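Asker:
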Amino acid sequence: MAKRPRSNNLSLVLVLLVVGGIAADATRRILQRPAVEAPPRPPADTSTSVAGASAPGPRDSAAAARVARVRARIAEDAERTYIMPTLKETDSTVRRWPDRRFAHPLRVAVLRRDVTGYREDFAANVTWAIGHWNGVLPIGFATGADSGEADVVITWASRLDSGKTGRTDLTWDRGGNIHHAFVTLATHDANGHALDSPRMGSLALHELGHTLGLGHSPVPSDALYPIATALELTDRDRRTARLLYELPAGSIR
Ligand SMILES: [Zn+2]
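Throughout the sequence shown, residue numbering follows the working numbering, covering 26 to 278 in sequence.
1) Indicate whether the contact test is met: 3 or more Cβ pairs, each with one atom in the segment 260-271 and one in the segment 187-201, closer than 8 Å.
2) Along the beta strand (DSSP E) that carries residue 179, what are the first and last residues, could you check?
3) Let me know if residue 202 comes out buried or exposed under the rule of 16 or more other beta-carbons within 10 Å of its beta-carbon.
4) Would you be able to state if there are at least three C-beta pairs under 8 Å between the segment 170-181 and the segment 193-213?
5) On the premise that residue 257 lies in contact with residue 157, defined as a C-beta separation below 8 Å, what is that separation, rounded to the nearest angstrom?
6) Should residue 240 go down as buried or exposed, given a rule of 16 or more other Cβ atoms within 10 Å for buried?
7) For a test of the three-state rule: what should DSSP assign to residue 277, helix, strand or coil?
8) Starting from residue 220 and walking both ways along the beta strand (DSSP E), at which residues does that stretch end?
9) So the candidates are 83, 104 and 115; which of them puts its Cα closest to the Cα of residue 277?
10) Alpha carbon to alpha carbon, how far is residue 236 from residue 195?
11) Could you give the DSSP three-state label for residue 241: helix, strand or coil?
12) Provide the residue span of the beta strand (DSSP E) that contains residue 135, from first to last.
13) Helix or strand or just coil, what does DSSP make of residue 262?
14) Does the structure place the segment 222-232 close enough to the segment 146-162 that three or more beta carbon pairs sit under 8 Å?
15) CA-CA distance, residue 3 and residue 215?
16) Confirm the yes/no value for this check: CB of residue 243, any heavy atom of ligand 1, distance under 7 Å.
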């Protein structure tokens, strides 16, 4: 997928709703299935489909070789990360902020909201979560932006639909490059219980992972497990994020 995105063509921009299925979703998930899901499997077909392409031209060969290299790198760390579930959520596209954004932190606007259940320490919980992600990757976050200039906007709602307590909407292009993230954090879960500061911190840690391009982990202790309870990033969280930013953005089909 080497087509270059054109900034003046908004039709090329895909908006993907990365739905954070968080704590409020717990009841439904517990009713439906065990909390622990099977670990991701390494890609069994790492290079066969690429090698099977017929009579590739020079450009096709280069693209195929690139995809093969990326797949091989993914296979190396598939068991120690949740890169495979992450790629499954994006139809096998490596989706992340582009390298050119590494020079400066992503600008974050934290928009306090006068909604039921909002607490002043929630903004501090977001800052706390940012502190955990900063330093993990060559790209980080800096608060203090206004919403017009921000790369990442974080705000609150009293409730979210679908029983979730967090939601991250990413704007990204066909090349896998993320352009913007909009995060909504709920002050109440699906049962109407108000979130306290630790839960808001876990939720922010989780949603910030989505803003970086991460999908869900099947391991309950990870910050990106669908039911967010982690108060620290795990090695698996960090390893997955670092692998994502080591890979070139774009499709690996
Ligand atoms: Zn999530």
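Glycine included, C-beta positions come from ideal geometry on N, C-alpha and C.
Quick caveat: nothing in here was measured; it's all calculated off a predicted structure.
Answerer: Inspection of the coordinates gives the following:
1) no
2) 177-182
3) buried
4) yes
5) 7 Å
6) buried
7) coil
8) Per DSSP, residue 220 belongs to no beta strand (DSSP E) and is neither H nor E.
9) 115
10) 7 Å
11) coil
12) 131-135
13) helix
14) yes
15) Nothing about residue 3 can be read from this structure; the chain reaches only from 26 to 278.
16) no
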